[in-house]
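Undergrad: I'd like to ask you about the structure that follows.
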Amino acid sequence: MRTTTPNSPTNPGRWRRLTSTAATAAATTAALLLAGLATATHATATPQTTATSAATTKVTWTATPCATPKHKGDLACNSVRVTGGTTAFEKQRAAKDGITPKAGDATTPSGYGPSDLQDAYGLTSAAASNGDGETIAIVDAYDDPNAEADLAKYRSQYGLSACTTSNGCFKKVGQTGSATSLPSADSGWAQEISLDVDMASATCPNCNILLVEASSASMEDLGTAVNEAVKLGAKYVSNSYGGSESSSDASYDSAYFNHPGVAITVSAGDSAYGAEYPAASRYVTAVGGTKLSTSSTSRGWTESVWKTSSTEGTGSGCSAYDAKPSWQTDSGCGKRMIADVSAVADPATGVSVYDSYGVTAGWYTFGGTSASAPIIAGVYALAGTPSSGSYPAQFPYNAAGTSALNDVTSGNNGTCSTSYFCTAGSGYDGPTGWGTPQGLAAFTG
23 MRTTTPNSPT NPGRWRRLTS TAATAAATTA ALLLAGLATA THATATPQTT ATSAATTKVT
83 WTATPCATPK HKGDLACNSV RVTGGTTAFE KQRAAKDGIT PKAGDATTPS GYGPSDLQDA
143 YGLTSAAASN GDGETIAIVD AYDDPNAEAD LAKYRSQYGL SACTTSNGCF KKVGQTGSAT
203 SLPSADSGWA QEISLDVDMA SATCPNCNIL LVEASSASME DLGTAVNEAV KLGAKYVSNS
263 YGGSESSSDA SYDSAYFNHP GVAITVSAGD SAYGAEYPAA SRYVTAVGGT KLSTSSTSRG
323 WTESVWKTSS TEGTGSGCSA YDAKPSWQTD SGCGKRMIAD VSAVADPATG VSVYDSYGVT
383 AGWYTFGGTS ASAPIIAGVY ALAGTPSSGS YPAQFPYNAA GTSALNDVTS GNNGTCSTSY
443 FCTAGSGYDG PTGWGTPQGL AAFTG
């Protein structure tokens, strides 16, 4: 299992096994969070900062607690939570109506909402009319007891129709499919779950949501949850977690991710340049992360590679183990290349999420490729059920170089000997793949 670091520089705090000192600190942090101290920083995570502009407050954030594995071999969630400063959304709102943002204020949304994301990715019309009868599965570890109630707050805030157990839109099960036998609750993974279900709702408001909670963050349990999601009929499965690659990955591919006719999205990672699994699986759509900002262009938005530092930013790279899928033809990597496509992940240009379990109930802004993976799952769902026997990871490659994708051509996520592995450019590159959605054409079989 995953006991080593990825094959290029990463944040060591995300991957190391907890020492007794770190474990004690983590427990203290958990107690603070349960007491309602929403801005407490995770014991092994140092907040990163980035300047939004010279005239505004720097955005600060911290990795969510599930970004540090509890046990040897566990996978990590790929999300970070904003703790203060002025986000891109708040700057945009201030310029429009003169409202002065309050740093770290949980009483009102401070990140992009559904209308922003739909506009940025050309989905406004499709989001209003598509998605009925489609089910997006969210696979995460442990239980979020407040998942349905928090989702209701999010959808009500943005005028989205109710998505509840009673109306058949929302369903929560454990990895065996039981709605009553659920895993133990975890406040860190609950934040991740809130992010994931909110982003699926933002992109595909008419879709049903199936939350499948794995018993632990091991690959075996998370993979079992993926299989259960498919067994229960989901044609779109979002996974916002990852870990270092291993020689076992080929067996995991066949055991958990080889599901023809199902779009499986996986976040590329938040530790900057370096390959992660299961993003490296040849059967999934690996989703990188961007910085998303409004602009005066005809599109109205601009994007670049998300990078905060040499140890934080979107993941990318050439797999050390996974075979290259037939539709991937870049010449510099003989095996599977990460990523395929991308979407917003920079916390400074992050997304609004409502969460109440283990934190002060309220609105938080999140980033990380945990945001981009469910966004892309929602785009696949808007595009319609994949054809039987197809591998939807191939769909964006069929539209490569067309107006169906926004080519991201600036930024990097580190230093690499083969430029496109870590540096954006015209056409395909590792950090952003073929780009971000512009409508549905690149996600239709």
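Its first residue numbered 23, the sequence shown is counted upward by one per residue in my numbering. All residues carry an ideal CB built from backbone N, CA and C; glycine is no exception. Predicted model, so just to flag it, every value in this text is computed and none were measured.
(1) Got a sec, what are the start and stop residues for the alpha helix (DSSP H) Asn420 sits in?
(2) Under the rule that 16 or more other beta-carbon atoms within 10 Å means buried, what is Pro131, buried or exposed?
(3) Does the distance from the C-beta atom of Asp165 to that of Asp208 stay below 8 Å?
(4) Per DSSP, Ile286 forms a beta bridge with which residues?
(5) Can you look up Leu182 in the DSSP assignment and give me helix, strand or coil?
(6) Between the Cα of Pro227 and those of Ala256, Ser269, Gly181, Asn249, spot the shortest distance and give me the residue it belongs to.
(7) How many angstroms separate the CA atom of Val252 from the CA atom of Val284?
(8) When the distance is taken between beta carbons, is Glu325 closer than 8 Å to Ala458?
(9) For Glu156, tell me which candidate among Pro205, Ala236, Ala405 has the shortest Cα-Cα distance.
(10) Between Gly449, Lys92, Ala222, which lies nearest to Tyr470 when the distance is taken from Cα to Cα?
(11) In this structure, does DSSP put Ile397 in helix, strand or coil?
(12) Only counting the same chain, and skipping five residues up and downstream in sequence, which positions put a Cβ closer than 6 Å to that of Pro91?
(13) Reducing DSSP to helix, strand and coil, say where Gly414 ends up.
(14) Using three-state DSSP, classify Leu427 as helix, strand or coil.
(15) When burial is assigned at 16 or more other CB atoms within 10 Å of the CB, is Asn189 buried or exposed?
(16) Are the CB atoms of Asn261 and Thr225 within a distance shorter than 8 Å?
(17) Should Leu121 be labelled buried (16 or more other beta-carbon atoms within 10 Å of its own) or exposed?
(18) Looking only at C-alpha atoms, which of Ser441, Ala247, Pro136 sits nearest to Asp352?
(19) As a quick exercise: from Val309, Gly380, Glu267, Phe465, pick the residue whose alpha carbon is nearest that of Gly335.
(20) Closer than 7 Å by C-beta to Asn435: which residues in its own chain qualify, once you throw out the five before and the five after it? Chain order, please.
(21) Taking Cβ to Cβ, would you say Asp362 is nearer than 8 Å to Gly455?
(22) Just confirm the distance between the C-beta atoms of Arg358 and Asp344, as a whole number of angstroms; I'd bet it's less than 8 Å.
(23) Starting from Ile231, follow the beta strand (DSSP E) in both directions and report where the run begins and ends.
(24) Among residues of its own chain, excluding the 5 on either side of Thr187, which ones have a beta-carbon nearer than 7 Å to its beta-carbon?
(25) Please determine, among Gly411, Gly389, Tyr305, the residue with the shortest C-alpha to C-alpha distance to Thr105.
(26) May I have a chain-ordered list of the alpha helix (DSSP H) segments no shorter than 4 residues that lie completely inside the segment 125–203?
(27) If you run the structure through DSSP and keep just helix, strand and coil, what is Cys355?
(28) Run through DSSP, which three-state label would Ile121 get?
(29) Nearest CA to the CA of Ala85: which residue from Gly95, Arg103, Gly400, Ser203?
(30) Of all the options Gly196, Ala149, Ala163, Ile215, which has the alpha carbon lying nearest to the alpha carbon of Ser183?
(31) Output the distance between the C-alpha atoms of Leu233 and Tyr305, rounded to the nearest integer angstrom.
(32) Helix, strand or coil, according to DSSP, for Thr330 in the structure here?
(33) Note down the Cα distance separating Asp119 from Lys113, rounded to an integer number of angstroms.
(34) Assuming Pro396 contacts Met221 under a Cβ cut-off of 8 Å, what Cβ separation, rounded to an integer in Å, is found between them?
(35) For Pro459, name the three-state secondary structure that DSSP assigns.
TA: To lay it out plainly:
(1) Locating residue 420 in the sequence shown gives position 398, counting from the first residue. Run containing Asn420: 417–420, per the alpha helix (DSSP H) assignment.
(2) Numbered from its first residue, the sequence shown carries residue 131 at position 109. Residue burial is scored here from C-beta neighbours: Pro131 has at least 16 other C-beta atoms within 10 angstroms and is therefore classed as buried.
(3) Residue numbering aside, residue 165 sits at position 143 when the sequence shown is read from its first letter. Residue numbering aside, residue 208 sits at position 186 when the sequence shown is read from its first letter. Yes, these two residues count as a Cβ contact at 8 Å.
(4) Residue mapping note: residue 286 aligns to position 264 of the sequence shown, counting from 1. Its beta-bridge partners are Val259.
(5) The count along the sequence shown starts at 1 and reaches residue 182 at position 160. In the displayed model, Leu182 falls within coil according to three-state DSSP, outside both helix and strand.
(6) Sequence index remark: in the sequence shown, residue 227 carries index 205 (1-based). With respect to the C-alpha of Pro227, the residue from Ala256, Ser269, Gly181, Asn249 having the closest C-alpha is Gly181.
(7) Taking the sequence shown and counting its residues from 1, one reaches residue 252 at position 230. Taking the sequence shown and counting its residues from 1, one reaches residue 284 at position 262. Looking at the backbone, the Cα of Val252 and that of Val284 are separated by about 8 Å.
(8) The residue you call residue 458 lines up with position 436 of the sequence shown. The residue you call residue 325 lines up with position 303 of the sequence shown. Note that residue 458 is Thr in the sequence shown here, rather than Ala. Closer than 8 Å, so yes.
(9) Counting from one through the sequence shown, the residue named residue 156 turns up at place 134. Of Pro205, Ala236, Ala405, the smallest CA-CA separation from Glu156 is found for Ala405.
(10) With the chain covering only 23 through 467, there is no way to say anything about residue 470.
(11) Walking along the sequence shown from the start, residue 397 turns up at place 375. Ile397: helix per DSSP, three-state reduction.
(12) Indexing the sequence shown from 1 puts residue 91 at position 69. Result list for Pro91: Ala98, in chain order.
(13) As a working mapping, residue 414 is identified with position 392 in the sequence shown. The question names Gly, yet the displayed sequence has Pro at residue 414. In the structure shown, the three-state DSSP call for Pro414 is helix.
(14) Mapped onto the sequence shown, residue 427 falls at position 405. Collapsing the DSSP output to three states places Leu427 in a strand.
(15) Looking up residue 189 in the sequence shown gives position 167. Around the beta-carbon of Asn189, fewer than 16 other beta-carbon atoms lie within 10 Å, marking it exposed.
(16) Here residue 225 refers to the residue found at position 203 when the sequence shown is read from its first residue. Here residue 261 refers to the residue found at position 239 when the sequence shown is read from its first residue. Against a cut-off of 8 Å, the Cβ pair of Asn261 and Thr225 comes out as no contact.
(17) Translated into positions along the sequence shown, residue 121 becomes position 99. Sequence inspection shows Ile at residue 121; the Leu mentioned does not correspond to that position. Exposed, by the Cβ-count rule.
(18) Taking the first residue of the sequence shown as position 1, residue 352 is located at position 330. Minimum Cα distance to Asp352 is reached at Ser441.
(19) Within the sequence shown, numbered from 1, the residue matching residue 335 stands at position 313. Taking Gly335 as reference, the option from Val309, Gly380, Glu267, Phe465 with the minimal CA-CA separation is Val309.
(20) Here the question's residue 435 lines up with position 413 in the sequence shown. Once the five neighbours on either side are set aside, the close Cβ partners of Asn435 are Ala294, Tyr295, Val327, Lys329, Gly335, Thr336, Ser338, Cys444, Pro453.
(21) The residue given as residue 362 occupies position 340 in the sequence shown. The residue given as residue 455 occupies position 433 in the sequence shown. Result yes, Cβ atoms of Asp362 and Gly455 sit closer than 8 Å.
(22) Start at 1 with the first residue of the sequence shown, and residue 358 comes out as number 336. Start at 1 with the first residue of the sequence shown, and residue 344 comes out as number 322. Contact between Arg358 and Asp344 holds: their C-beta atoms lie close to 4 Å from each other, under 8 Å.
(23) Within the sequence shown, the letter at position 209 stands for residue 231. Counting along the chain, the beta strand (DSSP E) containing Ile231 begins and ends at 230–236.
(24) Your numbering for residue 187 matches position 165 in the sequence shown. Closer than 7 Å at the Cβ level, and outside the excluded window around Thr187, lie Glu170, Lys193.
(25) As a working note, residue 105 is residue 83 in the sequence shown. Ranking Gly411, Gly389, Tyr305 by Cα distance to Thr105 puts Gly389 first.
(26) DSSP runs (the alpha helix (DSSP H)) wholly in the segment 125–203: 136–142, 146–151, 169–179.
(27) Position 333 of the sequence shown, counted from the start, is the residue given in the question as residue 355. Cys355 falls in the coil class under three-state DSSP.
(28) Within the sequence shown, the letter at position 99 stands for residue 121. Coil, per DSSP.
(29) Within the sequence shown, the letter at position 63 stands for residue 85. With distances taken between Cα atoms, Ala85 lies closest to Arg103.
(30) Taking the sequence shown and counting its residues from 1, one reaches residue 183 at position 161. Nearest option by C-alpha distance: Ala149.
(31) What you label residue 233 is simply residue 211 of the sequence shown in a count that begins at 1. What you label residue 305 is simply residue 283 of the sequence shown in a count that begins at 1. Straight through space, the alpha carbons of Tyr305 and Leu233 are spaced by roughly 21 Å.
(32) Translated into the one-based positions of the sequence shown, residue 330 becomes position 308. Per DSSP, reduced to three states, the secondary structure at Thr330 is strand.
(33) Position 97 of the sequence shown, counted from the first residue, corresponds to residue 119. Position 91 of the sequence shown, counted from the first residue, corresponds to residue 113. If you take the alpha carbons of Asp119 and Lys113, they lie about 10 Å apart.
(34) Residue mapping note: residue 396 aligns to position 374 of the sequence shown, counting from 1. Residue mapping note: residue 221 aligns to position 199 of the sequence shown, counting from 1. Contact holds; Cβ gap of about 4 Å.
(35) Along the sequence shown, read from residue 1 onward, the residue named residue 459 stands at position 437. It is a strand residue.
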